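Worksheet: the structure to be examined is printed underneath.
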Amino acid sequence: MTTSIHIKNNQPVRLSEIPVLSYEDFLDLNTRQANDVFTHCVLYFGWPVDDHIRLFCCMADDAKGTIMLSSARIPNGDLREYPSFTAKNLAFHVFEREMHEKLGIRYSDHPWLKPLRFPAETAQKGSTIENYPFYRIESEELHEVGVGPIHAGVIEPGHFRFICNGEQILHLEIQLGYQHRGIEQLFLQRKTMLQRNILAENIAGDSVVGHTTAFAGLWESLCGFVPGEDLLAARTIASELERIAIHTGDLSAICTDIAYQRGSSVFGRLRTPVINTFQIWCGNRLGKSLIRAGRNQFPLGNSIKNALTNLFDAYEPDFYEMYQRMKTLPSILARLERTGTVTMVQAEKTGAVGMIARTSGLMRDIRWTHPYLLYNSFPHQPIIKHHGDVYSRTQVRKQEITQSIGYIRDLVHDTTTTAGSAQQLGSPSPDSFILSLTEGWRGEICHCAITNNNGEPAIYKIKDPSLHNWLCLALAVRNNDISDFPICNKSFDLSYCGHDL
Amino acid sequence: MISDIKILFHQGKQYIPDITTVEVPGIFRGRPVISNEAADITRLVEICPTGAISPDPVSIDMGKCVFCGECQFAFPGKVRFTKDFKISSGTREGLIIPEGRDEPVTVHPELIRKEIRKYFGGSLKLRQVSAGGDNSCEWELNAAGNVNFDMGRFGIEFVASPRHADGIVITGPITKNMAAPLQLCYDAVPHPKIIILAGTDAISGGIFAGSSALDRSFLDKYPVDLYVPGNPVHPLTFINGVLDLIRNRQ
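Same order as they appear, the protein sequences are chains F and Z. When we follow my numbering, the leftmost residue of the first sequence carries the number 1, and every step to the right adds one. When we follow my numbering, the leftmost residue of the second sequence carries the number 1001, and every step to the right adds one.
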């Protein structure tokens, strides 16, 4: 009997081809797989259909570049308590918390069914974001510090509850959900492709290219559309440009949080021409409206290519000069080194992805393991660091900027301007399952859809890398001074809206 | 020391000398103009992802528009987005551009509350509340204070506490989960206080309008002083809008 099927990134599969297992076999298969360091769970969710819930688990095999897909069926509104995946492997914790919160699935041995985002459609009536009981430790020596949801800076809302021993952080609990806009539900309610494309654009405004590329890849594959070389080149360049822009901005923000004004201003102003290049290209500084499923309204013409070349010619000398100077200042290194450390064991246990995984020595990069766009046409080598501290996260940004500039320069040089492909986007295939993975600047972005018998999406699931990585931040700040929390937070730069959806 | 001076020298001049007249590089989808040319109006209305285009009379509501430009791509002779970034309005109706109109959007001085003119002419301290914003408007509001746009030179600043603020700037469609914190923040601002809605999501809900996860009742309770459209708002749109609000004299 087949227990699972193996698919590739962006490969649609008929729903009927996905094997249905008993819950016990399903649990055993996936938790056993998760023990392999080259396998991690990209998505695990429940789809309520009539009187039952069908569970789907997608395990990415990073060595083979495939995704192992299996499913199980349990009754909806079941009072039975199920043994949890999380008890066997902590990385599943967010997915089971989501299912408990939204679908009311009960678990017998889940370590902490902490609410994930207090969604509009919740199975946990009476649980609201206002009355959430934070984890407490009774002690005369300890004190609590509550920060948020509204923060001092111009940033998104989230609550941080610290339990401190003097100036030291003993425990940090992060509570999110303030940004919940019901996006997954809106994907089903909005009926045109353009509306869904624009929804994808607004999941996280700093990862526009990452999320729209995932959406476009998913929709095009579902419609049997093969994007032309020009489309792929434009999207690959846009992805790398987004990485450069945000990494530069983050270096500025890290400098701000250690009160290094020069670095803050210089990296801040260096970001401006990068995002203005998006403006020149598509009329929006964050790349909104650049990526549309099935077409490219803003072809990669010679004027854009020249703009990119001129951008980097001016950017590089000033960027490296500033970075080199920053690296020579002991007062800066003292703040960055050994601050906010995530160990490799922690990263692996919590299912960390993207840049956070890579700075702790864990090799996770969708561009390398499950290539999409043009990433299999050149040898991409992920940048790995081993210390997992703020300094590693600073270094990796600088090195990824260098790498991305190289990729864009090569692509600009190699891509010949061709007319857009004449193929029209057809209609999505019915009763299908599809998974689309991209590597945004934060890490792996996952979009997944199941279509009904008319080809309309019956469920649409979105996963931002932040979903996994917020727990790493909570662990990283333990035993650090509370005054170092801002640089820890900034060096992670996780998304609130991407988590809350 | 010498390397620091070198760095300073290499930055050159970064600030924009006149933020009211500067031209945005490349393509910019600012104030739309609808020509009187005949077109398939039913299709034009259908194309808009957020229902910002009305058929009778033909008009675009910048408070609902996400500036995707799809109407212009489909009907280039009918709809044109100009590079005019001064699109803030003191009234909701001021954001609606009817067919045939090609004149600047203004914050009408006679409609600005007297207290605003009296107290905030010299400077303005604002508290920002992101209530479901996707971090694009927040980003651009931060950029408004960077060395390029340098909003601080006009005395306009974001402050850390509502108690130090003259008003609040709301971004995002206002989620249910942020409704209570938003109210708390507003209550903590001393009188007289102003409300600015920044971005299409805040003004109308944008692409999220009608979601069951939103609670926009806050906006039914209090008057809004300034609407700044955009997806996200451009720093130049924001700074010019706020300057019009506090510097306009009758």
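The beta carbon of each residue, even a glycine, is placed where N, CA and C say it ideally should be. Just so you know, these numbers come straight off a predicted model, no measurement behind them.
C-alpha gap between residue 313 of chain F and residue 73 of chain F, whole angstroms
Start at 1 with the first residue of the first sequence, and residue 313 of chain F comes out as number 313. Start at 1 with the first residue of the first sequence, and residue 73 of chain F comes out as number 73. Put simply, the backbone Cα of residue 313 of chain F is about 57 Å away from that of residue 73 of chain F.
Okay, do the stretch 1159-1176 of chain Z and the stretch 173-188 of chain F touch, 3+ Cβ pairs below 8 Å being the bar?
Touching, yes, given that three or more Cβ pairs across the two stretches are closer than 8 Å.
Output the boundary residues of the alpha helix (DSSP H) element that contains residue 1221 of chain Z.
Residue mapping note: residue 1221 of chain Z aligns to position 221 of the second sequence, counting from 1. Residue 1221 of chain Z -> alpha helix (DSSP H) spans 1218-1221.
Going by DSSP, name the residue or residues bridged to residue 1321 of chain Z.
The structure shown does not extend to residue 1321 of chain Z, since chain Z is modelled only from 1001 to 1250, so the question has no answer here.
Determine the chain Z residues that contact residue 312 of chain F at a beta-carbon separation under 7 Å, and present them in chain order.
The sequence position of residue 312 of chain F within the first sequence is 312, counting from 1. Chain Z residues near residue 312 of chain F: none, gap ~16 Å exceeds 7 Å.
For residue 1068 of chain Z and residue 289 of chain F, which I take to be in contact (beta-carbon distance under 8 Å), what is that distance rounded to the nearest angstrom?
Here residue 1068 of chain Z corresponds to residue number 68 of the second sequence, with the count starting at 1. Here residue 289 of chain F corresponds to residue number 289 of the first sequence, with the count starting at 1. Going by Cβ atoms, the distance from residue 1068 of chain Z to residue 289 of chain F rounds to 5 Å, so yes, they are a contact pair.
Look up residue 1241 of chain Z in the DSSP assignment and say whether it is helix, strand or coil.
Looking up residue 1241 of chain Z in the second sequence gives position 241. For residue 1241 of chain Z, the secondary structure class from DSSP, reduced to helix, strand or coil, is helix.
Roughly how many angstroms lie between the CA atoms of residue 161 of chain F and residue 479 of chain F, to the nearest whole one?
If you number the first sequence from 1, residue 161 of chain F lands on position 161. If you number the first sequence from 1, residue 479 of chain F lands on position 479. Distance between the alpha carbons of residue 161 of chain F and residue 479 of chain F: 15 Å.
Residue 368 of chain F (DSSP reduced to helix, strand or coil)
The residue given as residue 368 of chain F occupies position 368 in the first sequence. Helix at residue 368 of chain F.
Write down every uninterrupted run of the beta strand (DSSP E) in the stretch 1081-1114 of chain Z whose length is 3 residues or greater and which is fully enclosed by it, in chain order.
Fully enclosed beta strand (DSSP E) runs of no fewer than 3 residues occupy 1096-1098 of the stretch 1081-1114 of chain Z, in order along the chain.
Along the stretch 287-318 of chain F, what residues have a CB closer than 7 Å to any CB found in chain Z?
Result list: 288, 289, 297 and 318.
Would you mind sorting residue 1056 of chain Z into buried or exposed? The rule is 16 or more other CB atoms within 10 Å of its CB.
Position 56 of the second sequence, counted from the first residue, corresponds to residue 1056 of chain Z. Exposed is the call here.
Are the stretch 1090-1097 of chain Z and the stretch 213-223 of chain F in contact at 8 Å, needing three or more beta carbon pairs?
They do not touch, by the three-pair rule.
Taking 8 Å as the threshold, find out whether the stretch 34-50 of chain F comes into contact with the stretch 7-22 of chain F through three or more Cβ pairs.
The count of Cβ pairs closer than 8 Å, one atom from the stretch 34-50 of chain F and one from the stretch 7-22 of chain F, stays below three, leaving the stretches out of contact.
Quick check: what's the CA-CA separation for residue 112 of chain F versus residue 1088 of chain Z?
Taking the first residue of the first sequence as 1, we reach residue 112 of chain F at position 112. Taking the first residue of the second sequence as 1, we reach residue 1088 of chain Z at position 88. Straight-line Cα distance between these residues: approximately 47 Å.
Specify the secondary structure class of residue 295 of chain F as computed by DSSP and reduced to three states.
Walking along the first sequence from the start, residue 295 of chain F turns up at place 295. If DSSP states are grouped into helix, strand and coil, residue 295 of chain F belongs with the strands.
If contact is defined by three or more beta carbon pairs under 8 Å, each pair taking one atom from either stretch, is the stretch 342-361 of chain F in contact with the stretch 320-329 of chain F?
No, the stretch 320-329 of chain F does not touch the stretch 342-361 of chain F.
Separation of residue 1029 of chain Z from residue 69 of chain F, as counted between CA atoms:
The residue given as residue 69 of chain F occupies position 69 in the first sequence. The residue given as residue 1029 of chain Z occupies position 29 in the second sequence. If you draw a straight line from the Cα of residue 69 of chain F to the Cα of residue 1029 of chain Z, it comes to about 43 Å.
For the stretch 144-172 of chain F, enumerate the residues whose C-beta is nearer than 7 Å to any C-beta of chain Z, in chain order.
Taking 7 Å as the cut-off between beta carbons, the residues of the stretch 144-172 of chain F near chain Z are 149, 150, 152, 154, 155, 156 and 157, in sequence order.
What's the gap between the Cα of residue 1048 of chain Z and the Cα of residue 1041 of chain Z?
Counting from one through the second sequence, the residue named residue 1048 of chain Z turns up at place 48. Counting from one through the second sequence, the residue named residue 1041 of chain Z turns up at place 41. Rounded to whole angstroms, residue 1048 of chain Z and residue 1041 of chain Z show a C-alpha spacing of 11 Å.
Report yes if the CB atom of residue 1148 of chain Z is closer than 8 Å to the CB atom of residue 205 of chain F, and no otherwise.
Taking the first residue of the second sequence as position 1, residue 1148 of chain Z is located at position 148. Taking the first residue of the first sequence as position 1, residue 205 of chain F is located at position 205. If you check the CB distance, residue 1148 of chain Z and residue 205 of chain F do not come in under 8 Å.
Does the beta carbon of residue 131 of chain F come closer than 8 Å to any beta carbon on chain Z?
Taking the first residue of the first sequence as position 1, residue 131 of chain F is located at position 131. No, its Cβ sits nowhere closer than 8 Å to a Cβ of chain Z.
For residue 22 of chain F, which of F:56, F:8 and F:364 has the nearest alpha-carbon?
The residue you call residue 22 of chain F lines up with position 22 of the first sequence. Per the Cα distances, F:56.
Alpha-carbon spacing of residue 1195 of chain Z relative to residue 1233 of chain Z, whole angstroms:
What you label residue 1195 of chain Z is simply residue 195 of the second sequence in a count that begins at 1. What you label residue 1233 of chain Z is simply residue 233 of the second sequence in a count that begins at 1. Going from the Cα of residue 1195 of chain Z to the Cα of residue 1233 of chain Z covers about 16 Å.
Quick one, which of F:463, F:154 and F:237 has its alpha-carbon nearest residue 414 of chain F's?
Stepping through the first sequence from its first residue, residue 414 of chain F is reached at position 414. Minimum Cα distance to residue 414 of chain F is reached at F:237.
Outcome for residue 386 of chain F when other beta-carbon atoms lying within 10 angstroms are tallied against a minimum of 16
Taking the first residue of the first sequence as 1, we reach residue 386 of chain F at position 386. Classification of residue 386 of chain F: exposed, given that the 10 Å Cβ count is below 16.
Using the rule of at least 16 other Cβ atoms within 10 Å of the residue's Cβ for burial, across every protein chain shown, is residue 108 of chain F buried or exposed?
In the first sequence, residue 108 of chain F corresponds to position 108, counting from 1. The residue in question, residue 108 of chain F, is exposed, as its Cβ has fewer than 16 Cβ neighbours within 10 Å.
Can you grab the Cα-Cα spacing for the pair residue 1245 of chain Z / residue 1239 of chain Z, in whole Å?
By 1-based counting over the second sequence, the position of residue 1245 of chain Z is 245. By 1-based counting over the second sequence, the position of residue 1239 of chain Z is 239. Their Cα atoms are separated by approximately 10 Å.
Rounded to whole angstroms, what is the Cα-Cα separation between residue 496 of chain F and residue 1080 of chain Z?
Mapped onto the first sequence, residue 496 of chain F falls at position 496. Mapped onto the second sequence, residue 1080 of chain Z falls at position 80. Between residue 496 of chain F and residue 1080 of chain Z, the C-alpha separation is close to 35 Å.
Residue 431 of chain F versus F:441, F:457 and F:425, residue with shortest Cα-Cα distance
The residue labelled residue 431 of chain F in the question sits at position 431 within the first sequence. Looking only at F:441, F:457 and F:425, the smallest Cα-Cα distance to residue 431 of chain F is reached by F:457.
Residue 92 of chain F classed as buried or exposed, judged by whether at least 16 other C-beta atoms fall within 10 angstroms:
As a working note, residue 92 of chain F is residue 92 in the first sequence. By the neighbour-count rule (16 or more Cβ atoms within 10 Å), residue 92 of chain F is buried.
How big is the Cα-Cα spacing for residue 416 of chain F and residue 174 of chain F?
Along the first sequence, one-based indexing puts residue 416 of chain F at 416. Along the first sequence, one-based indexing puts residue 174 of chain F at 174. Approximately 48 Å between the Cα atoms of the pair.
May I ask you to list, following chain order, the residues of the stretch 370-384 of chain F that have a beta carbon less than 8 Å from some beta carbon of chain Z?
Answer set for the stretch 370-384 of chain F: empty.
Output needed for residue 52 of chain F: all residues of its chain with C-beta closer than 7 Å, excluding positions within five of it in sequence on either side, in chain order.
On the first sequence, position 52 is the one that residue 52 of chain F refers to. These residues qualify, in order along the chain: 73, 74, 75 and 76.
Would you please verify whether the beta carbon of residue 1028 of chain Z is less than 8 Å from any beta carbon of chain F?
By 1-based counting over the second sequence, the position of residue 1028 of chain Z is 28. Yes, because at least one Cβ of chain F sits closer than 8 Å to the Cβ of residue 1028 of chain Z.
Mind checking if residue 1154 of chain Z is an interface residue toward chain F, Cβ cutoff 8 Å exclusive?
In the second sequence, counting from the first residue as 1, residue 1154 of chain Z sits at position 154. Answer no: the Cβ-Cβ gap between residue 1154 of chain Z and chain F never drops below 8 Å.
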